[in-house]
Every structure is written in structure tokens, then in C-alpha cells.
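To start, the structure under review is shown below, and the notes come after it.
Number of protein chains: 2
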Amino acid sequence: MERQPYIRLNFDSENSGRPLNVEQLVHIIRRQIQSDGHFKGCRLPPVRALSLQLGLSKNTIQTAYDELRAQGLVESKDRSGIFVAKGGEPRFFESPINVPGPALKKIANIAPSKPKLNNAISLSSVFVDPRILPMEKLSACFRSVLKSPGIPESADPQGMPALREKIALRLRDRGMDVEADHIIITNGSQQALDLVTRVLATKIVGTEDPSYFLGKFLFEMNGIETIGLPIDPFKGLDEKIWQKRLSEKRPGLVYLTTNFQNPNGYSYSSSEISNIVKWAKEFNFGILEDDWGAEMLSYSEFKPGLRAMGGNSVLYMNSFTKKVLPSLRVGYLAANDKTIESLLMAKRVSTIAVPGIIEAVLFEFIDRGYYDTHLRYIQEELDIRYENCLGLLRDYMPEEVKWTSPGGGPVLWLELPKKVNLEMLTVKLKDQGVLIQLSNNAFFGEPHSHGFKIGYAFSSQQEMAEAIEKTSREIKRQMNV
Amino acid sequence: MERQPYIRLNFDSENSGRPLNVEQLVHIIRRQIQSDGHFKGCRLPPVRALSLQLGLSKNTIQTAYDELRAQGLVESKDRSGIFVAKGGEPRFFESPINVPGPALKKIANIAPSKPKLNNAISLSSVFVDPRILPMEKLSACFRSVLKSPGIPESADPQGMPALREKIALRLRDRGMDVEADHIIITNGSQQALDLVTRVLATKIVGTEDPSYFLGKFLFEMNGIETIGLPIDPFKGLDEKIWQKRLSEKRPGLVYLTTNFQNPNGYSYSSSEISNIVKWAKEFNFGILEDDWGAEMLSYSEFKPGLRAMGGNSVLYMNSFTKKVLPSLRVGYLAANDKTIESLLMAKRVSTIAVPGIIEAVLFEFIDRGYYDTHLRYIQEELDIRYENCLGLLRDYMPEEVKWTSPGGGPVLWLELPKKVNLEMLTVKLKDQGVLIQLSNNAFFGEPHSHGFKIGYAFSSQQEMAEAIEKTSREIKRQMNV
Numbered sequence: 027m028e029r030q031p032y033i034r035l036n037f038d039s040e041n042s043g044r045p046l047n048v049e050q051l052v053h054i055i056r057r058q059i060q061s062d063g064h065f066k067g068c069r070l071p072p073v074r075a076l077s078l079q080l081g082l083s084k085n086t087i088q089t090a091y092d093e094l095r096a097q098g099l100v101e102s103k104d105r106s107g108i109f110v111a112k113g114g115e116p117r118f119f120e121s122p123i124n125v126p127g128p129a130l131k132k133i134a135n136i137a138p139s140k141p142k143l144n145n146a147i148s149l150s151s152v153f154v155d156p157r158i159l160p161m162e163k164l165s166a167c168f169r170s171v172l173k174s175p176g177i178p179e180s181a182d183p184q185g186m187p188a189l190r191e192k193i194a195l196r197l198r199d200r201g202m203d204v205e206a207d208h209i210i211i212t213n214g215s216q217q218a219l220d221l222v223t224r225v226l227a228t229k230i231v232g233t234e235d236p237s238y239f240l241g242k243f244l245f246e247m248n249g250i251e252t253i254g255l256p257i258d259p260f261k262g263l264d265e266k267i268w269q270k271r272l273s274e275k276r277p278g279l280v281y282l283t284t285n286f287q288n289p290n291g292y293s294y295s296s297s298e299i300s301n302i303v304k305w306a307k308e309f310n311f312g313i314l315e316d317d318w319g320a321e322m323l324s325y326s327e328f329k330p331g332l333r334a335m336g337g338n339s340v341l342y343m344n345s346f347t348k349k350v351l352p353s354l355r356v357g358y359l360a361a362n363d364k365t366i367e368s369l370l371m372a373k374r375v376s377t378i379a380v381p382g383i384i385e386a387v388l389f390e391f392i393d394r395g396y397y398d399t400h401l402r403y404i405q406e407e408l409d410i411r412y413e414n415c416l417g418l419l420r421d422y423m424p425e426e427v428k429w430t431s432p433g434g435g436p437v438l439w440l441e442l443p444k445k446v447n448l449e450m451l452t453v454k455l456k457d458q459g460v461l462i463q464l465s466n467n468a469f470f471g472e473p474h475s476h477g478f479k480i481g482y483a484f485s486s487q488q489e490m491a492e493a494i495e496k497t498s499r500e501i502k503r504q505m506n507v
Numbered sequence: 027m028e029r030q031p032y033i034r035l036n037f038d039s040e041n042s043g044r045p046l047n048v049e050q051l052v053h054i055i056r057r058q059i060q061s062d063g064h065f066k067g068c069r070l071p072p073v074r075a076l077s078l079q080l081g082l083s084k085n086t087i088q089t090a091y092d093e094l095r096a097q098g099l100v101e102s103k104d105r106s107g108i109f110v111a112k113g114g115e116p117r118f119f120e121s122p123i124n125v126p127g128p129a130l131k132k133i134a135n136i137a138p139s140k141p142k143l144n145n146a147i148s149l150s151s152v153f154v155d156p157r158i159l160p161m162e163k164l165s166a167c168f169r170s171v172l173k174s175p176g177i178p179e180s181a182d183p184q185g186m187p188a189l190r191e192k193i194a195l196r197l198r199d200r201g202m203d204v205e206a207d208h209i210i211i212t213n214g215s216q217q218a219l220d221l222v223t224r225v226l227a228t229k230i231v232g233t234e235d236p237s238y239f240l241g242k243f244l245f246e247m248n249g250i251e252t253i254g255l256p257i258d259p260f261k262g263l264d265e266k267i268w269q270k271r272l273s274e275k276r277p278g279l280v281y282l283t284t285n286f287q288n289p290n291g292y293s294y295s296s297s298e299i300s301n302i303v304k305w306a307k308e309f310n311f312g313i314l315e316d317d318w319g320a321e322m323l324s325y326s327e328f329k330p331g332l333r334a335m336g337g338n339s340v341l342y343m344n345s346f347t348k349k350v351l352p353s354l355r356v357g358y359l360a361a362n363d364k365t366i367e368s369l370l371m372a373k374r375v376s377t378i379a380v381p382g383i384i385e386a387v388l389f390e391f392i393d394r395g396y397y398d399t400h401l402r403y404i405q406e407e408l409d410i411r412y413e414n415c416l417g418l419l420r421d422y423m424p425e426e427v428k429w430t431s432p433g434g435g436p437v438l439w440l441e442l443p444k445k446v447n448l449e450m451l452t453v454k455l456k457d458q459g460v461l462i463q464l465s466n467n468a469f470f471g472e473p474h475s476h477g478f479k480i481g482y483a484f485s486s487q488q489e490m491a492e493a494i495e496k497t498s499r500e501i502k503r504q505m506n507v
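These protein sequence lines are chains A and B, in that order. With the working numbering applied, the first sequence covers 27 to 507. With the working numbering applied, the second sequence covers 27 to 507.
The structure is reproduced here in C-alpha cells:
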């Protein structure tokens, strides 16, 4: 087929679905091609296309075109089709009008893509080393689903029911009041956060300072005022400041990360969990609990978090992405009878559903017991890496440097003396192939901690040793100037 | 391991990362378990857990616990662990405080799940029959990606570059000014619509009346005023009313579906496309073009749409879900140099990325030529079904009933005499196993068309014959009353 564009003609204004006759066809085509001079020289629909569109024989269409040609309105060109006559250049197609662009909010790229350096060691990644992720087992689950039951034809907006059952069971095992009907499968935990943001009726949200910056940014992008609740990575939350802020500002929702807060690696003690739940009642705020880190910490299954201690009005989000594979993009949100409907509608208008095969594969992964086996494996591996990291820090870091002891998991906070210039340190280390990540955009205003996160889950022990040795040398160099 | 919950203790307030001694341990634990009476009877962390957390030997932890036991503060129970003394019931874990729920907007479920009836025929589905979707070829692509290069470890927020290249090439082939850098892969076309909504700086959007209702709903949910631009499925757009509304209301964006509008099946003629582009310039509105139907119509590749005719400021969205497989949930949005950054940030804060393997499989599907082969196949199949549907309507429908002639594709509009009660028709047909779908929520106010959509792509010719025969019989029955 020739690939030259042609114009579309509509016929229904004089058509009820019954066959048009040649006279009607000629009339309609003539009116449309004469209505606007700039169709001159443009190609008309092929005979076959009009025949299909109108449910008429090719002969009928051809007869109409012949009549139009006899009237001098159209002309045939070689074998390339029928054209509006008196043309020359097909002006309609060759001179597009540039319309104005839509007015969009300017949103600066505050999350630049990670610098890509060959062989560089990422010292601040909160991700788990892809080398210890279960690629083979996931592939096996994909193959199994492809074989039987096959790729799902459609996807349930709330998420695959069998997968939701599995998740609800796991959460109940950890002391939470959750049914499968309360769960929405999401495109990563980021979508869980987004769904809550979309339906929030109040315009003030409290969150940790420093906070997960894509969360803080999401709230602010949606016109929500964010209140910083300061966390010191060593001392935890300051009861007096929290109570003061919560009572004065009265946020409708407080978004908190139970374990391994990003960036500072802090996990709440049970005493703090207990206080937060008490304050929720006292100051009348809802809670959104982000529990992404819980399953990365060995022994942690039964350390009750905010939903376990605060009942099923606590919105709870978690994700498989960091633990199983980042590119899977599967998380979930647990609501209750009262909150599920609005949140589900929010998902339907934003993405409709998560790809069905991804849900089916994850179900298979859990159902075969692979998820539990894998969790034990990464917990052990992360424990080893954590102990290794603590050892390296003790061996290499000068006395003035402090770090936290979250216990396993992916990330701790390294606090440096004020005289170390963090920006300069970042540059110097980058030159040596070590990437650290400052978290200025995670703080509310001036950072009240002076340091950076160390993610020991991402790098091998050898890489960690090299990176920490170089980092400590650079810190010492700055301190001795 | 016993599965009883224990409380989390934090130690960092008196810890710089260096080993704590027994005396310090005893001091910290004592303070935390005495601070709040309700920890009485609660289990303390296992020795191994504290040993890991603090980087201390198990002996050190055990010694501290022994000292606390000697002081009467903790007690051992059987083999199930160490508990805060003077307890009995572990009150902390067994009496959760019910916190208030967050205040959420009430969003009614305006899109109830489709009624599921065994063996019922869906006469109004806009989907393509799953029986003609390329499940085998998709499975082959999944297997190929799993084998090599394997499941991607991470996903590019903008979308897999090679897939974006493929898409850009296809769009340029259809006369559009697009580079791979202008494209964002989305979770279905719904997310494309959502991203634009999120960053829109203006608060008035124009769209067809009747419109794609999940689009209209999305705008309204985001506080955007929607302006209905009436489309008569037979006569198309009314130039006078459109010009009046556009000049009076001055929407910042107009969201339009080029082909097979849902619900009324209308496709713009080239003359209308030309007018819309002209009005965009005259009344200064941006355009979001939804082109989901273009590739479903044979011969349609070169009927230029709004982006082709309006330049690259026109935002363009399309999707693979209907054509390849609904559960894949992959669509895309084409922006330009000026608009791409804000839209990409909107995606990062909402879902971060589309699952990497889905993008890789779709790339493989296109790269192997499967997509083109499949499009030709469904186009031919849909042409056959369209002709069959036209024939059935001509054979069965009474004279007073009219229908449109979109030409192939998935959907046309059936217009009934006013005396037919649509609600009653729906109920009567449901009793006979035929599901039709009224579109009241797609109109702005009182529907100006009196009928429903017929989706001929979803059902076999036999099913269509049965459904249309029953529908016509029921219509005749009502008309003769």
C-alpha cells in the first residue's frame, strides 16, 4: 500500500446506517472537499476504505468518484489514488498549524537521576544488592504462570484477590486487623502514598523531619502543608516538640515510617510507637504507616507497628519492590471498611490496575514459599553486611564520628563533626569512585543532622571496606586541616 | 522460633556506634521498661537480636539481662524468652488503642464493576475479544526476555529507552513531530491522562459531550471545571456551539479523542481536525489528543490527527492495552521539550515507573514485528465484525432505529426512537443474557443522544447475531406498545 496520508470524510449526517446511493455520496463528498479550500491536492480515501466504512460495494464508491472526476472536482494520479483537484501540493498535510502549548505547572526536577559512574561504589543506596535478589526464582514463577494459567486477560482494579488474601494473612500474623477486602495492590509503595494524598480531605500532613523526600514533595505538589516532626537519628523523637507541633497544627494525617526511615535509618522503639498512637487519639489525627523496612530486619516480624497498636483505622502501606525486585513495582495499601472505597476509586482514575501478570507472578512467588525463604536469606545476608559495616566503622572512623545501630536492615546514619564540609566530601569521594548522597531536600529547612546515610545492603563486603576506608581517610584529611 | 511479639528498644541516645558496656546496657533497658507501665509483662528482645543490633557478644547481652533479673526487673519464662517483670498479661500488645481514621473525601463508586453473568453477551464493550489477542506471541516474548537479557533489575522512570525509540519512530511515520525523549511510558492511557491533570496550571478543561467518563471524573475529582463540547454521533461537532463555548469559557486545555470516542464511537473528519487546530490558535487552548482508536482501523495510519496537524505542543496519548492485552497496562504520553520535565516529575511522584519486564516484553513484541502483524490481523478481523454488525443491524432493526458508520474499529452508536425506554430495555435484555451499557454519566447533564454503544470487536459473529436479534425484538416490542 502507498503510505500517503488521506483525509477522513464522515457521512453519517445523512446516513441512518442504510446504504447510501451514488447521488448522496457525490453530494456529501463534494460538500466536504469544497468546504475548505485547503484540502486542494489532498488524497481522498481509497475506494476500499470507503466501501468498508459505508458497507457499500466498491463499484458504488468507484461510480461516485467517477462522477466527481467528470465534474472536475477530483483527479486520479498515477497509481497513488484519487485527489482533490486543482491542487498541486497537498496543503492540509504539509503545513501544520502550531497550536499553543497547554499551561503546565513548572515542576523542577528535584530528584535527578543517580549519577552513573562505571565501577563506582554507591555508599548511600537504600536498595538491596541485585546480586542477592531472587531473579532465578522469579523467572521460574513467570514461566509457571505463562504455562498455566497463562497471562491474565484482565486485571482487577483492587488487585488479584488471591494475592490480597496472601497479604492479609501475613499482616494478621503480625498482629494487624486486616482482611483481603481492605487491601489495594499498588504500583509500588509510591502509588499507595499517592492514593492517600488524592483523597485526603484535610490540607495539613505531619511527617518526620527528615522525611522520605518523594513523599514530602508529593504532598507539597498537591497543595498540602507539611509539618516536620523532628527525628534525631540517635535520640529518636522529641516528645515535647512533637506534642507541641501536633497540638498547634492539628494535621489531619501523620505519615510515618516505622522502620529504617529514609534518609536517617531510624526505627521507632515500642515506647515511641505507644506514644504516637496515644497522641493520635489525643490530637485527633489519622496515621499512614509506611512499613517498607519491617521484613528486612531479622527477628522483626513481631515487633508491633502503628497499625498493630492503633487499630484498623491506621492506613498501612508496604511494598515488595525493595525486597523482591525494584523493577516489579508492586506495593499495597491496607485500609478498612470505611476508607477502602474512596481509595479504590482513586486508583481507578489514576492507573486503573497493576499489570495482571505481575500480580500473578508475585502470588506464585509467595504461594511456593519462595518469599519466606528469600526473606530469611536476605535477612541473614543483611545481618552479615550490617555487622561487617559496624566493624569497618569501628576500625576506620576517627573518634569524633558517630553512627547509629538500627540492627540489620539496609541503612544507618553516619554523623560527622561540623567542621567536615559535606559538599566537599561528596566531590572528593566521587573523584575516588565512592558515591555518597546528601539528604538536604529531606529536611524541613536547615538540616539538624550533619552527615549522610550508609546503605550496607547494596554493596558487597569488599566494596564496603573500600568505600569506608576511603571515606574515613577523606574525613580525617578534612578534620586535620 | 517462638512467634510471640517483643518490644523494640533503642540504644543510640547513649551510643556513638562503639561497644556499650554491661552497665550502660542495664541502665538503658531499665529506663525504657520503667518509663511506661504498660510494658509490664511484655517480652524483651531475644539475646541474639540485641547482640546483632548493638554489635555486642551474646555473653554481654546475657550478662545485662542477668543483672536486670537480679534486680527483679525482668523474668525468664519457660523457654519463651525474657519478659518485663510484674506482668501477667502483656498489656501493650493485647490492648491496641483505636486511633481515629483519617478524614478522606467521599468518592462514590461511579464505575461499578461490570456485571458478571455466565454466558451473557456484552453488547457494549469497547474491548477487543480476548480470543483474538496475541497471547501466544506475548508469552513467547516473555520467555525470550526471561532467557536473555533477563528480568530488568530496575526501571527507567521515563520508560525503557529502546521502547520509547520504537514508539517515536511509529509516530513520526504517522506525521507527528516526536522524539524518544518526548515520550513517557505510562500505566495505561489512564495514567497519561492523570499526569497531565496533575500538572495542569489552569482550572478549566474542555472535552467532548458525551466524554470518556473516567477522564471527566478524573478532572472533576481534581477540582477542574469541565466544559462539554457537544458531539452528535451522526452530525459530529456543532461549529457554532463549540466556538461559543471555547471563546466564552477559555479552557486552558481541551481533551479530545480522535477516533472511536467512548461512548458514541465518533471519529473526527479531517475537516473537523482542521477546525479544532484553528480554534486552538484562535482561543489559545492546549490540546490533549487521545488516539487509542487509530490503530484499530484499517487504512487509518495516515489520516492525520491533532498532533500531526497541530504541531508538537499538542500532548498526545495512546495505549497498547486494548490492542495487545488489557492486563498489560502500558500506554504512553508524547510531550515536547517544554512540557516533558513537569510531566515526568508527575510520574515519579505518583508511581515512579512501569514494571521493567512489561516494557521489555512490549519492546520485544514490537521489535520482532509481532505488533504490526497483529495489528493487521485485528484490523482485518474487526473489519469483518464491523461488516457483520452493519449487516445484522440492516436485517433486524426497525426503520426508526439509526446507527453510525465509523468504519471498522470497535464501536458504533445505536440511536433509538424516544419512545423506547432505555432503562427498561437494559433490564429486559439482561434477563435474556444480553448486556448493554447506558452512558448517562458520560454526558454533561441530560443526554442529548438516546441510545447506546455497540462494541462489535468483543463478541463473535454468532454472539453478535444473537444479541442484535434479541435487542431488535425487544425494541420492536416496546415500540408497538
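Cβ atoms here follow ideal geometry from the backbone N, Cα and C, with glycine treated the same way.
Spell out whether any CB of chain A is found under 9 Å from the CB atom of residue i.
| i | result |
| --- | --- |
| B:Thr-228 | yes |
| B:Ala-134 | yes |
| B:Phe-168 | yes |
| B:Asp-104 | no |
| B:Lys-275 | no |
Distance check for residue j and residue i, CA to CA, integer angstroms please.
| i | j | result |
| --- | --- | --- |
| A:Ala-227 | A:Leu-219 | 14 Å |
| B:Pro-187 | B:Ser-376 | 20 Å |
| B:Trp-318 | B:Gly-435 | 11 Å |
| A:Ser-273 | A:Tyr-281 | 16 Å |
| B:Ser-431 | A:Phe-37 | 8 Å |
| B:Leu-332 | B:Val-446 | 37 Å |
| A:Leu-455 | A:Leu-149 | 10 Å |
| A:Val-437 | A:Gly-291 | 5 Å |
| A:Ser-485 | A:Asp-155 | 6 Å |
| A:Asn-213 | A:Asn-344 | 11 Å |
| B:Asn-47 | A:Lys-275 | 42 Å |
| B:Phe-478 | A:Ile-87 | 29 Å |
| A:Tyr-32 | B:Trp-439 | 24 Å |
Which residue wins for smallest C-alpha separation from residue i, given the options the options?
| i | options | result |
| --- | --- | --- |
| A:Asp-203 | A:Asn-248, A:Asp-92, A:Val-48, A:Asp-363 | A:Asp-363 |
| A:Phe-346 | A:Lys-192, A:Ser-170, A:Ala-96 | A:Lys-192 |
| B:Gly-433 | B:Phe-391, B:Ser-465, B:Ile-462, B:Tyr-294 | B:Tyr-294 |
| B:Leu-221 | A:Ala-386, A:Leu-130, A:Leu-419, A:Asn-467 | A:Leu-130 |
| A:Thr-547 | A:Met-371, A:Gln-287, A:Ser-324, A:Leu-354 | In this structure chain A extends from 27 to 507, so residue 547 of chain A is not present and cannot be described. |
| A:Arg-44 | B:Ser-170, B:Pro-160, B:Trp-429 | B:Trp-429 |
| A:Arg-394 | A:Ser-42, A:Ala-166, A:Pro-352 | A:Ala-166 |
Taking the alpha helix (DSSP H) that residue i belongs to, which residues open and close that run?
| i | result |
| --- | --- |
| A:Leu-164 | 161-173 |
| A:Val-375 | 366-376 |
| A:Ala-360 | Segment 357-360 is the beta strand (DSSP E) holding A:Ala-360; no alpha helix (DSSP H) there. |
Where do the ends of the beta strand (DSSP E) carrying residue i lie?
| i | result |
| --- | --- |
| A:Asn-344 | 341-345 |
| A:Asp-207 | First-last for A:Asp-207: undefined, no H or E at that position. |
Is residue i close to chain B, meaning its C-beta is less than 9 Å from at least one C-beta of that chain?
| i | result |
| --- | --- |
| A:Gln-463 | no |
| A:Ile-33 | yes |
| A:Asn-310 | yes |
Are residue i and residue j touching if we call contact CB-CB under 9 Å?
| i | j | result |
| --- | --- | --- |
| B:Ala-360 | B:Gly-201 | no |
| A:Leu-388 | A:Leu-442 | no |
| B:Ile-508 | B:Pro-178 | The requested residue 508 of chain B does not occur in the structure, where chain B is confined to residues 27 to 507. |
| A:Lys-502 | A:His-476 | no |
| B:Val-356 | B:Tyr-397 | no |
| B:Gly-232 | B:Leu-279 | yes |
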